[in-house]
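Below is one structure, written out as structure tokens; the observations come after it.
Chains as they are written, first to last, in my numbering: chain A, 1 to 275; chain B, 276 to 575.
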């Protein structure tokens, strides 16, 4: 028999998974996740029609994916997707005027936060890690045996693993940030805009300030480095990437701190739907 | 008075003239906006850059100020030219996007969420006037942020430099004015359309950013993966940048757009494509508004 707290988290998780996965409001998050896969799929199909007439190499495709991952997945899809999923977990219930049902149950608020976070995380991981893997696997598939060789005997699988890890850590980190925003702010857009600007300014910040962000650690873990395109490249402040053994536990620790803070805040939360 | 005597009596007071009825909406909206400390601070903060620009223009024409600062050579460092005015407009336009994302979603969604639209439209007030009224809130605020400071800086430069400079660079004033209006119109329509369709204000604001940034990233993905440049059709900043370059410089292009609205060299789209894409975006927004702004709603 599992302990009570585990069963309570499980119950919240089950309820929230249904709500988050099949939410009408979340259609655009599915579009965000599917978009790049559709493009890479189309690329594969178009290139299949002209065998031996490729205008690019496998190495170029690897760089293209690195750019796609950094500029589309990390800066747009995962950021905005997590904003949509996680800030809606509490704020959505406030709008629907259903949060008091949870608050009236004989359950610790910390467990509610944990359950909701895990549900959001499960959805985000499924969508964004799945999308990353699908896009990576379809982008260069038209190279046939060369692609298989690159994948199984070259750096392909290790790169795929790194990208999936970075996507997962992005969901963990941004998820914790936006869960906190949804819980603490009536309008989560304002903190989200601040975080967005901060994260995008990251390459141009001094070394010390760079480290107070999520994207810096995620970029450090990416297997292929993507230079900032001109004319902004002249403003970039170079800094050494963080080693993996610091970046991964560091990000998890930051997420844990934010979650603990959210859980403590949830204990004092009062509902006033009229506001 | 007995209740049965309370029959319908039409309003007999003076009616607001039909052309100015839409101004009733901004009157109350501005009062609401003033109560938000964050918005007030943001709005005031948005004038820092134009103020710096005005200072640069002033210092450039003031030999004693240059001497006092010990930077006599600074006159050649920053030129007051098309790049200067385009960057001023670009920076202010980006701030206008943020303002539209904060203010725009709160315009229509509360009326729809509380079924209050019929209260507006039951009065001698058309749907167009309603949209115009809501739009004027954004238009006024964004005008004050974009073309008004731009033209003031132009005026200051013209005053200090002389009439000949004004005549030679009249295109800059025209470019600032028209470019800003194009951007304002697109932002206002987009903000209102999203406000009408997304009832949760933060989500509508988030979608504003999404349409701007995510669509641009999506376009970049298409360009990268398919090795094409047509992905820029999804990139509003690229489309706007192309149109601005034409408005500011005509066919003698010397710049690659404004800050935040840059046109990547070698990846330019035909200008007519940019105009059509922006037009289509406006039409989609108008269609979305027409679908939602109705006096009666069928609830299924």
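Note that the Cβ used here is the ideal one computed from N, Cα and C, for glycine as well.
query: Cα-Cα separation, residue 402 of chain B to residue 568 of chain B; result: 7 angstroms
query: Reduced DSSP category for residue 397 of chain B - H, G, I as helix; E, B as strand; rest coil; result: coil
query: Nearest-angstrom Cβ-Cβ length linking residue 135 of chain A and residue 45 of chain A, presumed shorter than 8 angstroms; result: Residue 135 of chain A to residue 45 of chain A, Cβ: 14 angstroms. No contact.
query: CB of residue 494 of chain B within 8 angstroms of CB of residue 80 of chain A, strictly; result: no
query: Residue 188 of chain A classed as buried or exposed, judged by whether at least 16 other C-beta atoms fall within 10 angstroms; result: buried
query: Residue 169 of chain A and residue 262 of chain A closer than 8 angstroms at C-beta; result: no
query: Where the alpha helix (DSSP H) through residue 335 of chain B begins and ends; result: 323-335
query: Delimiting residues of the alpha helix (DSSP H) encompassing residue 311 of chain B; result: Element bounds for residue 311 of chain B: n/a, residue is neither H nor E.
query: Stretch-stretch touch, CB-based, cutoff 8 angstroms, three pairs: the region 154-169 of chain A with the region 444-454 of chain B; result: no
query: Residues, ordered as in the chain, of the region 184-204 of chain A that lie near chain B by beta-carbon distance below 8 angstroms; result: 187, 188, 189, 190, 192, 193, 196
query: Neighbour flag for residue 476 of chain B against chain A, beta carbons, 8 angstroms; result: yes
query: Under 8 angstroms between C-beta atoms of residue 36 of chain A and residue 131 of chain A; result: yes
query: Sub-8 angstroms separation of residue 252 of chain A and residue 166 of chain A beta-carbons; result: no
query: Partners in chain B for residue 43 of chain A, counting only beta-carbon separations shorter than 8 angstroms; result: 500, 501
query: Residue 91 of chain A - DSSP class collapsed to helix/strand/coil; result: helix
query: Unbroken alpha helix (DSSP H) run spanning residue 131 of chain A, endpoints; result: 130-139
query: Positions along the region 373-391 of chain B whose CB lies within less than 9 angstroms of some CB in chain A; result: 373, 376, 377, 380
query: For residue 533 of chain B, three-class secondary structure by DSSP; result: strand
query: Member of A:209, A:76, A:181 whose CA lies at the smallest distance from the CA of residue 492 of chain B; result: A:76
query: CB contact below 8 angstroms: residue 36 of chain A versus chain B; result: yes
query: C-alpha distance - residue 501 of chain B paired with residue 42 of chain A, whole-angstrom precision; result: 9 angstroms
query: contact_flag[the region 430-445 of chain B, the region 411-422 of chain B] where n(CB pairs < 8 angstroms) is 3 or more; result: no
query: Chain-ordered chain B contacts of residue 84 of chain A [CB-CB under 8 angstroms]; result: 478, 481
query: CA nearest to the CA of residue 475 of chain B, picked from B:458, B:508, B:562, B:387; result: B:387
query: Any non-hydrogen atom of the ligand GTP closer than 7 angstroms to residue 252 of chain A Cβ; result: For the ligand GTP, the structure offers nothing, since it holds no ligand at all.
query: Short CB-CB distance (under 8 angstroms) between residue 489 of chain B and chain A; result: yes
query: Residue 179 of chain A vs residue 74 of chain A beta-carbon contact at 8 angstroms; result: no
query: Residue 109 of chain A - DSSP class collapsed to helix/strand/coil; result: helix
query: Of the residues A:58, A:26, A:210, the one placed nearest residue 292 of chain A, counting alpha carbons only; result: As shown, chain A starts at 1 and ends at 275. That puts residue 292 of chain A outside it, with no answer to give.
query: Closer than 7 angstroms at the beta carbon, the chain B residues around residue 75 of chain A; result: 492
query: Meets three-Cβ-pair contact criterion under 8 angstroms: the region 213-225 of chain A and the region 244-260 of chain A; result: yes
query: Contact set between the region 88-105 of chain A and chain B, restricted to residues whose Cβ is under 9 angstroms from the partner; result: 88, 91, 92, 95
query: Any C-beta of chain B under 8 angstroms from that of residue 72 of chain A; result: yes
query: Secondary structure of residue 222 of chain A, DSSP reduced to three states; result: coil
query: Straight-line Cα distance separating residue 412 of chain B from residue 154 of chain A; result: 58 angstroms
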